[in-house]
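Trainee: For the sequence shown, the UniProt record's numbering begins at 25 and goes up steadily by one.
Quick reminder that beta carbons are idealized off the backbone N, C-alpha and C, glycines included.
It should be emphasised that the depicted structure is a prediction, and the values quoted were computed from it without experimental measurement.
Attaching a single structure in structure tokens format; questions to follow.
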Amino acid sequence: RKCLNRIKKTQHLNAYITVTEELALKQAQEAETRLLQGAPKGPLDGIPFAVKDNFCTENIKTTCSSKMLKDYTPPYNATVVQKLLDQGAVLMGKTNMDEFAMGSGSTDGAFGPVRNPWSYAASYIEQTGATPDSDWVITGGSSGGSAAAVASLTSYLALGSDTGGSTRNPAALCGVVALKPTYGLLSRHGLIPLVNSMDVPGIMTRSVSDAAIILGILQGLDTRDSTTVPAPSSPTELPQDFDIKNVRIGIPKEYHAPGLSEETLAQWSHVADMFEKAGAHVEQVSLPHTQHSIVCYHVLCHAEVASNMARFDGLEYGHRSKVDSSTESMYASTRHEGFNDVVRGRILSGNYFLLQQNYEHYFVKAQKVRRLIAEDFKHVFSSGIDVLLTPSTLTDAARYTDFSQEDNRTRSAQEDVFTQPVNMAGLPAVSVPTALSRRGLPIGLQLIGPAFQDRKLLSVAQWIE
Ligand code: GLN
């Protein structure tokens with residue numbers, strides 16, 4: 025009830041698209057009965073959680089923040105949602121996002137932008153003299169609603185999706201933790217796809233140890249997702265006695281990217297120094313193909329988007345246009361009316377990259393560059409580096425008025441420079457809040473680890489926290 029009240033009090037954030045009040049109260053009551061009987065279902069019994077609106081939820085609208093799916097109600101739960109419900113976790117609602125998870129601001133959805141709860145924090149208002157109603161800052165995205173839900177204390181954890189940074193980016197800007205697990209560790213069944221070869225469910229929590237608990241519950245083989253693998257046998261609770269001494273931390277020199285703010289750079293150096301003082305080995309490493317990653321990501325992303333979005337034709341799911349003079353015109357009008365211009369733009373460029381005469385030049389070449397980017401990481405980790413330390417985002421959160429004025433799509437694409445390479449390589453990464461900027465807004469740092477070393481990665485992250 026406290027969480028539901030907070031949702032009401034924080035409606036101006038626009039974090040939720042659907043609040044499942046009745047269901048939440050029913051689930052909470054059942055959990056209470058179990059707890060009073062001393063028979064909880066598991067460690068999450070009665071714990072409120074929120075879910076990004078691109079995960080299917082049985083009999084609950086799942087819109088992807090798109091007109092195309094605004095009335096779509098799936099008949100089943102995504103595996104990761106079902107696993108949380110099986111533990112007795114209480115679903116508070118579905119969270120706002122960029123349309124079909126395309127974006128880095130949570131400003132591009134059909135239900136309006138999400139406001140960062142820190143816009144209303146004394147730290148921000150005192151430092152900048154901002155009036156929150158006009159100077160509010162973005163959450164980042166695309167899982168901005170989930171990040172805002174955790175940051176504004178309306179849920180203890182939230183699911184996001186991470187294709188190029190969509191959980192780590194908003195987590196960093198909203199001051200919460202986000203884990204992007206190794207590709208294949210968590211099932212994508214029921215997650216409406218953006219880029220199948222890069223999508224993973226992301227875990228957003230208030231602390232690193234909470235993320236470890238959730239990872240333990242969600243990971244593992246799912247016969248409905250052929251890319252999943254069995255969970256590692258080691259427990260996911262983090263060791264109490266983790267020793268940072270002799271851990272080798274790599275600082276990728278190419279991540280001193282254009283647009284990186286002085287403050288974020290200073291914070292990055294500060295945490296590297298802290299590691300060194302504590303006895304870890306901090307060394308510079310090179311990931312030479314980083315400079316190609318944004319372009320490479322976008323070719324691959326748009327190509328998969330073009331293919332994935334083909335299913336929205338007005339026949340099977342969601343919106344259907346009234347224009348029905350022919351089947352072709354019904355398809356075209358449905359897609360014109362249902363998708364925003366970001367989605368339509370990606371479908372167009374994706375189909376262009378996949379044209380017979382362009383396929384080799386764009387798609388195949390991008391696949392090769394993707395391999396080189398993945399090899400860069402392999403090379404560094406096989407030289408003995410345990411984790412990489414990088415910023416999560418270039419700057420703290422931008423004012424909505426600035427973000428929406430600039431060429432949003434270019435800004436949005438650059439925003440993911442530190443996060444996208446990780447998705448192309450399928451590696452685990454975590455964003456941890458480490459400081460407040462001079463504007464009184466959160467700054468986050470990212471740790472990246474070798475595939476399936478999610479637990480070790482979280483142990484190092486917990487040390488920073
Ligand atoms: N910002 C990136 C994009 O627009 C990543 C999105 C995501 O991770 N879902 O594609």
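#1: Beta-carbon within less than 7 Å of Ser233's beta-carbon, same chain only, minus the 5 sequence neighbours each way: which residues are those?
#2: Are the beta-carbon atoms belonging to Arg359 and Val329 less than 7 Å from one another?
#3: Is it the case that the segment 102–118 contacts the segment 50–58, given that we only count it when at least three CB pairs across the two stretches are under 8 Å?
#4: Using a Cβ-based criterion (distance less than 6 Å to any ligand heavy atom), does Cys325 qualify as near the ligand GLN?
#5: Measure how close the beta-carbons of Val138 and Thr155 come, nearest whole angstrom, since I'm counting them as under 8 Å.
#6: Any heavy atom of the ligand GLN closer than 6 Å to the CB of Ala125?
#7: Do Phe79 and Leu183 have their beta-carbon atoms positioned less than 7 Å apart in this structure?
#8: Do Thr178 and Ile268 have their CB atoms nearer than 7 Å?
#9: By the three-class DSSP mapping on this structure, what secondary structure does Asp246 have?
#10: Who are the near neighbours of Cys320 in its chain, counting only those whose CB is closer than 8 Å to its CB and skipping five residues on each side?
#11: Ser233 by DSSP, collapsed to three states: which one?
#12: For Ala196 and Thr351, I'd like the C-alpha separation in whole angstroms.
#13: Which residue from Arg230, Thr86 and Glu56 puts its Cα closest to that of Phe124?
#14: Helix or strand or just coil, what does DSSP make of Glu307?
#15: Is the Cβ-Cβ distance between Leu469 and Val295 less than 7 Å?
#16: Thinking C-beta only, is Ser185 closer than 7 Å to Leu215?
#17: Could you give the residue range of the alpha helix (DSSP H) that holds Gly117?
#18: Would you list, in sequence order, the uninterrupted beta strand (DSSP E) runs of no fewer than 3 residues that lie entirely inside the segment 66–95?
#19: Within a Cβ cutoff of 7 Å, which residues of the same chain sit near Ala55, ignoring the five residues on either side of it in sequence?
#20: Shortest alpha-carbon distance to Ser134 belongs to which of Val201, Met126 and Asp348?
#21: Within the chosen definition, does the segment 213–227 reach the segment 90–109 through at least 3 CB pairs nearer than 8 Å?
#22: Have a look at the DSSP bridge pairing and note the partners of Ser185.
#23: Please identify the residue among Asn120, Asp265, Asn332 and Leu203 whose C-alpha is closest to the C-alpha of Ala172.
#24: Please return the same chain residues whose Cβ sits closer than 7 Å to the Cβ of Val174, not counting the five positions on each side in sequence.
#25: Considering Cα atoms alone, identify which of Pro98, Ala437, Gly450 and Asn140 is closest to Lys204.
#26: Does the beta-carbon of His385 have 16 or more other beta-carbons within 10 angstroms, so that it is buried, or is it exposed?
#27: By Cβ distance, which residues of its chain are closer than 6 Å to Val306, with the 5 residues on each side in sequence left out?
#28: Is Asp186 near the ligand GLN, with its Cβ less than 6 Å from a heavy atom?
#29: Leaving aside the five residues before and after Ile318 along the sequence, list all residues of the same chain whose C-beta is less than 8 Å from its C-beta, in chain order.
#30: Going by beta-carbon coordinates alone, are residue 491 and Ser170 separated by less than 7 Å?
#31: Per the contact definition of three or more C-beta pairs closer than 8 Å, is the segment 459–479 in contact with the segment 407–414?
#32: Compare the C-alpha of Leu218 against each of Pro141, Ile467, Ala255 and Asn332 and name the closest.
#33: Compute the beta-carbon to beta-carbon distance between Tyr401 and Leu482, rounded to the nearest angstrom, for a pair I have assumed lies under 8 Å.
#34: Using DSSP with H/G/I as helix, E/B as strand and the rest coil, what is Ile268?
#35: Buried or exposed for Gly188, please, with buried defined as at least 16 other CB atoms from any protein chain shown within 10 angstroms of its CB.
#36: In the DSSP output, what is Lys204 paired with across the bridge?
Mentor: For this structure:
#1: To locate residue 233, count along the sequence shown from 1; it is residue 209. Excluding residues within five positions, the ones whose Cβ falls inside 7 Å are Leu262 and Gln486.
#2: Residue 359 sits at position 335 when you count from the first residue of the sequence shown. Residue 329 sits at position 305 when you count from the first residue of the sequence shown. No. Outside cutoff.
#3: yes
#4: Reading the sequence shown from its first residue, position 301 is the one you call residue 325. Yes.
#5: Against the sequence shown, residue 138 aligns to sequence position 114. Against the sequence shown, residue 155 aligns to sequence position 131. Going by Cβ atoms, the distance from Val138 to Thr155 rounds to 19 Å, so no, they are not a contact pair.
#6: The sequence position of residue 125 within the sequence shown is 101, counting from 1. Yes, Cβ of Ala125 sits closer than 6 Å to a heavy atom of the ligand GLN.
#7: To locate residue 183, count along the sequence shown from 1; it is residue 159. To locate residue 79, count along the sequence shown from 1; it is residue 55. Closer than 7 Å, so yes.
#8: The sequence position of residue 178 within the sequence shown is 154, counting from 1. The sequence position of residue 268 within the sequence shown is 244, counting from 1. It is not a contact, given that the beta carbons lie outside the stated cut-off.
#9: Working through the sequence shown from its first residue, we reach residue 246 at position 222. Strand.
#10: Against the sequence shown, residue 320 aligns to sequence position 296. Hits under 8 Å: Ala390, Val393, Arg394, Ile397 and Met448.
#11: Reading the sequence shown from its first residue, position 209 is the one you call residue 233. Helix at Ser233.
#12: For this step, residue 196 is matched to residue 172 along the sequence shown. For this step, residue 351 is matched to residue 327 along the sequence shown. When rounded, the distance between both Cα atoms is 45 Å.
#13: Looking up residue 124 in the sequence shown gives position 100. For the residues Arg230, Thr86 and Glu56, the minimum Cα distance to Phe124 belongs to Thr86.
#14: Locating residue 307 in the sequence shown gives position 283, counting from the first residue. Note: Glu307 maps to strand in three-state DSSP.
#15: As a working mapping, residue 469 is identified with position 445 in the sequence shown. As a working mapping, residue 295 is identified with position 271 in the sequence shown. Yes, the pair counts as a contact, with Cβ atoms nearer than the cut-off.
#16: In the sequence shown, counting from the first residue as 1, residue 215 sits at position 191. In the sequence shown, counting from the first residue as 1, residue 185 sits at position 161. Cβ atoms of Leu215 and Ser185: closer than 7 Å.
#17: Walking along the sequence shown from the start, residue 117 turns up at place 93. Gly117 -> not in any alpha helix (DSSP H); beta strand (DSSP E) instead, spanning Val114 to Thr119.
#18: 72–76
#19: In the sequence shown, the residue the question calls residue 55 occupies position 31. For Ala55, where only same-chain residues beyond five positions count, the Cβ hits under 7 Å are Asp69, Gly70, Gly112 and Val114.
#20: Looking up residue 134 in the sequence shown gives position 110. A small correction: the amino acid at residue 134 is Ala; Ser does not occupy that position in the sequence shown. It is Met126 whose Cα lies nearest to the Cα of Ala134.
#21: yes
#22: As a position in the sequence shown, residue 185 is number 161, starting the count at 1. Answer by DSSP bridge pairing, in chain order: Pro225.
#23: Sequence index remark: in the sequence shown, residue 172 carries index 148 (1-based). Checking every option, the nearest Cα to that of Ala172 belongs to Asn120.
#24: Counting from one through the sequence shown, the residue named residue 174 turns up at place 150. Counting only Cβ-Cβ distances below 7 Å, and skipping sequence neighbours, we find Leu181, Ala182, Val200, Met228, Thr229 and Arg230.
#25: As a first step, residue 204 must be located in the sequence shown, where it is residue number 180. Closest option to Lys204, Cα to Cα, is Gly450.
#26: Here residue 385 is taken as the residue at index 361 of the sequence shown, counted from 1. Looking at its Cβ environment, which holds fewer than 16 other Cβ atoms inside 10 Å, His385 is exposed.
#27: Within the sequence shown, numbered from 1, the residue matching residue 306 stands at position 282. Correct list, in chain order: Ile273, Ala296, Phe299 and Glu300.
#28: The residue you call residue 186 lines up with position 162 of the sequence shown. True, at least one ligand heavy atom lies under 6 Å from that Cβ.
#29: Counting from 1 along the sequence shown, the entry for residue 318 is found at position 294. Correct list, in chain order: Ala437, Gln438, Asp440, Val441 and Gln444.
#30: No information on residue 491 is available, as it lies outside the stretch 25 to 489 that the chain covers here.
#31: yes
#32: Position 194 of the sequence shown, counting from 1, holds the residue named residue 218. Leu218 has its Cα closest to that of Asn332, out of Pro141, Ile467, Ala255 and Asn332.
#33: Taking the sequence shown and counting its residues from 1, the one referred to as residue 401 is at position 377. Taking the sequence shown and counting its residues from 1, the one referred to as residue 482 is at position 458. It should be pointed out that residue 401 corresponds to Phe in this sequence rather than to Tyr. Their Cβ separation, rounded to whole angstroms, is 18 Å, which puts Phe401 and Leu482 out of contact at 8 Å.
#34: The count along the sequence shown starts at 1 and reaches residue 268 at position 244. In this structure, Ile268 counts as coil in the three-state DSSP scheme.
#35: Taking the sequence shown and counting its residues from 1, the one referred to as residue 188 is at position 164. With 16 or more other Cβ atoms within 10 Å, it is buried.
#36: For the purposes of this step, residue 204 is taken as residue 180 along the sequence shown, with counting starting at 1. Beta-bridge pairing links Lys204 to Ala453.
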